[in-house]
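K.L.:
Line by line, the protein sequences give chains P and E. Add 131 to the 1-based position in the first sequence for our numbering, that's all there is to it. Add 3 to the 1-based position in the second sequence for our numbering, that's all there is to it. Where a beta carbon is used, it is the ideal one built from N, C-alpha and C, also for glycine. Below you will find the structure I want to go over with you.
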Amino acid sequence: MGKIFDWIDAKFHVKAPHGGFLQRRLPEGLSYAYCLGGAAFTAYTILLFTGMLLSIYYVPSEHDAYSSILRIQHEVHLGWLIRGMHKWSATILIIFLIGHTLRVFISRAYRPPKELNWVVGVITMVSCFASGFTGYLLPWDQKAYWATEVGTSMAHTIPAIGTYVMYFVRGGIDVDGTTLIRFYSIHVHWLPLGMLALLWMHFHMIKRQGIKRPL
Amino acid sequence: MTPGRTAGTGPPEAAQHGKLGMERRDFLKILVQGILVLLSTLAAVTAAIFAYPARIRQKTVQFIDVSSEDELPGRGIKRVVYEESGRKSIVYLAREGDSYVAFSPVCTHLGCLVSYNRSQNRFLCPCHGGKYDASGRVIEGPPPLPLTRLPMKVEKGRVFVGFKV
Ligand code: HEM
Ligand code: FES
Chain P
132 MGKIFDWIDA KFHVKAPHGG FLQRRLPEGL SYAYCLGGAA FTAYTILLFT GMLLSIYYVP
192 SEHDAYSSIL RIQHEVHLGW LIRGMHKWSA TILIIFLIGH TLRVFISRAY RPPKELNWVV
252 GVITMVSCFA SGFTGYLLPW DQKAYWATEV GTSMAHTIPA IGTYVMYFVR GGIDVDGTTL
312 IRFYSIHVHW LPLGMLALLW MHFHMIKRQG IKRPL
Chain E
4 MTPGRTAGTG PPEAAQHGKL GMERRDFLKI LVQGILVLLS TLAAVTAAIF AYPARIRQKT
64 VQFIDVSSED ELPGRGIKRV VYEESGRKSI VYLAREGDSY VAFSPVCTHL GCLVSYNRSQ
124 NRFLCPCHGG KYDASGRVIE GPPPLPLTRL PMKVEKGRVF VGFKV
């Protein structure tokens with residue numbers, strides 16, 4: 132393994148510039164709470180991978196969405212496993228994220244010069260919530276439909292522009308096939324790619340700024 | 004605090020050689036690499052199993068009830084709309100001598116749906132100008148074969164047409 136990697140690295144030169152990051156000294160007294168960000172990243176990786184697998188069989192159309200979910204669950208080899216992993220990792224990701232945010236907050240690691248990384252973190256967290264919300268519609272069953280009906284109707288309460296925001300989110304007056312396709316697009320293209328960019332910034336800043344010495 | 008960029012050597016206590024005659028950090032490195040290789044292999048195998056089709060079977064002919072016997076055309080060609088598992092589809096029933104035939108509307112060129120034009124007595128394909136006569140023979144355009152004749156039968160006053168599903 133090491134030999135193959137070294138051969139590739141001779142062309143790519145990724146190892147040396149990251150040496151300062153991978154081989155750096157960490158402050159003393161770190162606890163497992165400092166692993167929560169890494170744990171969240173692991174959940175994100177699993178979500179990305181299982182999600183790409185699910186997209187092989189899922190059909191984002193009014194007519195076929197629900198039956199394609201049933202097919203994944205009952206017919207596709209290991210479909211139940213991949214679907215279950217996707218669902219559970221989503222829940223676990225949110226739990227890790229809250230824990231990670233609390234850790235950063237309590238250790239006051241959000242203070243300058245790391246304020247931008249806190250901001251990037253918050254945007255990532257909102258993206259995760261949005262992923263959960265858009266993903267919930269995709270099974271296209273009663274629970275999914277009414278959750279989205281209720282969730283999107285909240286936009287309606289924004290003063291003045293609320294109604295238009297709701298139309299924008301739904302792609303029309305009601306939650307229907309148009310909503311399903313736009314949620315699908317957001318869930319599988321826009322958010323995962325956006326989060327990839329956000330996490331790159333997040334890690335790049337950690338690489339530059341290091342981990343804050345525990346209090 | 005800036006993380007030490009010089010920290011390639013590790014703290015002194017890590018330099019002890021254990022029973023394996025190996026530094027602690029080298030052991031951990033191999034362990035972590037091993038776990039990564041194991042996990043990615045597992046993920047790749049799982050993905051391959053998942054992506055391999057669960058149902059591989061040849062399509063078989065199934066007869067579908069498309070209309071009642073009374074609606075068979077006395078002469079000429081009739082466009083019949085039928086519903087199968089919630090979807091509307093089309094088939095052309097035609098009188099040919101004493102018997103009937105069912106034409107699939109799928110153009111034999113690239114699969115567009117032809118429509119029967121009564122005044123010209125032709126099946127016209129909207130895509131690349133394919134034309135078929137009333138018995139399905141190609142008279143113009145790129146289609147390589149006549150319109151497909153589907154198996155059909157009349158039973159208990161109903162018309163059944165065989166489709167490959
Ligand atoms: C998918 C979401 C996220 C991932 C994968 C992630 C990952 C990480 C990782 C691996 C670290 C290194 C230290 C550690 O693990 O504790 C870190 C640090 C940090 N994260 Fe996140 N994070 C995420 C979301 C957030 C959120 C929601 C916030 C705040 C609202 C945030 C703010 C920060 C800050 C300020 C640091 C620097 C901490 C320090 O210097 O001690 N992150 N993140
Ligand atoms: S598909 Fe009918 S002519 Fe090309």
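Could you round the C-beta distance between P/Gly266 and P/His231 to whole angstroms and report it? I think they count as a contact, below 8 Å.
P.N.:
Numbered from its first residue, the first sequence carries residue 266 of chain P at position 135. Numbered from its first residue, the first sequence carries residue 231 of chain P at position 100. That pair is no contact at about 21 Å.
K.L.:
Are there 16 or more other CB atoms within 10 angstroms of the CB of P/Ile229, so buried, or fewer, so exposed?
P.N.:
Position 98 of the first sequence, counted from the start, is the residue given in the question as residue 229 of chain P. Answer is exposed; the Cβ neighbour count stays below 16.
K.L.:
For E/Arg140, does the three-state DSSP call read helix, strand or coil?
P.N.:
Here residue 140 of chain E refers to the residue found at position 137 of the second sequence. Correct three-state label for E/Arg140: coil.
K.L.:
Name, please, each residue of chain P whose Cβ falls closer than 8 Å to the Cβ of E/Ala54.
P.N.:
Reading the second sequence from its first residue, position 51 is the one you call residue 54 of chain E. Neighbours of E/Ala54 on chain P, chain order: Leu184, Ile187.
K.L.:
Under 7 Å between beta-carbons, which chain E residues line up against P/Gly215? List them in chain order, please.
P.N.:
In the first sequence, counting from the first residue as 1, residue 215 of chain P sits at position 84. Those within 7 Å of P/Gly215 in chain E number zero; the least Cβ separation is about 12 Å.
K.L.:
Which runs of the alpha helix (DSSP H), 4 residues or longer, sit entirely within the stretch 288-332 of chain P?
P.N.:
With a minimum length of 4 residues, the continuous alpha helix (DSSP H) runs that stay inside the stretch 288-332 of chain P are 293-301, 308-316.
K.L.:
Look at the Cβ atom of E/Ile52, then the Cβ atom of P/His205, and state whether they are nearer than 7 Å.
P.N.:
If you number the second sequence from 1, residue 52 of chain E lands on position 49. If you number the first sequence from 1, residue 205 of chain P lands on position 74. In this structure, P/His205 does not lie closer than 7 Å to E/Ile52 by Cβ.
K.L.:
Looking only at its own chain, which residues have a Cβ that is under 6 Å from the Cβ of P/Thr310, when we skip the five neighbours before and after it?
P.N.:
Here residue 310 of chain P refers to the residue found at position 179 of the first sequence. Within the same chain, P/Thr310 has close Cβ partners Arg301, Gly302.
K.L.:
So P/Val207 contacts chain E; which residues on that side make the cut at Cβ distance below 8 Å?
P.N.:
Residue mapping note: residue 207 of chain P aligns to position 76 of the first sequence, counting from 1. Phe53, Ala57, listed in chain order.
K.L.:
List in chain order the residues whose CB is within less than 5 Å of at least one heavy atom of ligand 2.
P.N.:
Listed along the chain, these residues meet the criterion: E/Cys110, E/His112, E/Leu113, E/Cys115, E/Cys128, E/Cys130, E/His131, E/Gly133.
K.L.:
Since P/Val349 is in the alpha helix (DSSP H), which residue starts that stretch and which ends it?
P.N.:
The requested residue 349 of chain P is not part of the displayed model; chain P covers only 132 to 346.
K.L.:
Any idea what DSSP makes of E/Val68, helix, strand or coil?
P.N.:
Here residue 68 of chain E is taken as the residue at index 65 of the second sequence, counted from 1. Reading off the sequence shown, one finds Asp at residue 68 of chain E, where the question assumed Val. Here E/Asp68 sits in strand by DSSP.
K.L.:
Does E/Leu127 come out as helix, strand or coil in the three-state DSSP assignment?
P.N.:
To locate residue 127 of chain E, count along the second sequence from 1; it is residue 124. It is a strand residue.
K.L.:
Specify whether the stretch 94-108 of chain E and the stretch 140-151 of chain E touch according to this definition: at least 3 beta carbon pairs, one from each stretch, less than 8 Å apart.
P.N.:
Yes, the stretch 94-108 of chain E is in contact with the stretch 140-151 of chain E.
K.L.:
Using a Cβ-Cβ cutoff of less than 7 Å, which residues in the same chain neighbour E/Gly7 once the five nearest sequence positions on both sides are dropped?
P.N.:
Locating residue 7 of chain E in the second sequence gives position 4, where the first residue counts as 1. Confidence at E/Gly7 is low in this model, with a pLDDT of 38, below 50, so the placement of that residue should be treated as unreliable; the coordinate-derived value is given next. For E/Gly7, where only same-chain residues beyond five positions count, there are no Cβ hits under 7 Å.
K.L.:
How about P/Thr181 and P/His217: are their beta carbons less than 7 Å apart?
P.N.:
As a first step, residue 181 of chain P is located in the first sequence; it is residue number 50 there, counting from the start. As a first step, residue 217 of chain P is located in the first sequence; it is residue number 86 there, counting from the start. Cβ atoms of P/Thr181 and P/His217: closer than 7 Å.
K.L.:
For the stretch 31-51 of chain E, which residues have a beta carbon sitting closer than 8 Å to at least one beta carbon of chain P?
P.N.:
Here the close residues are Gln36, Val40, Ala46, Thr49, Ala50.
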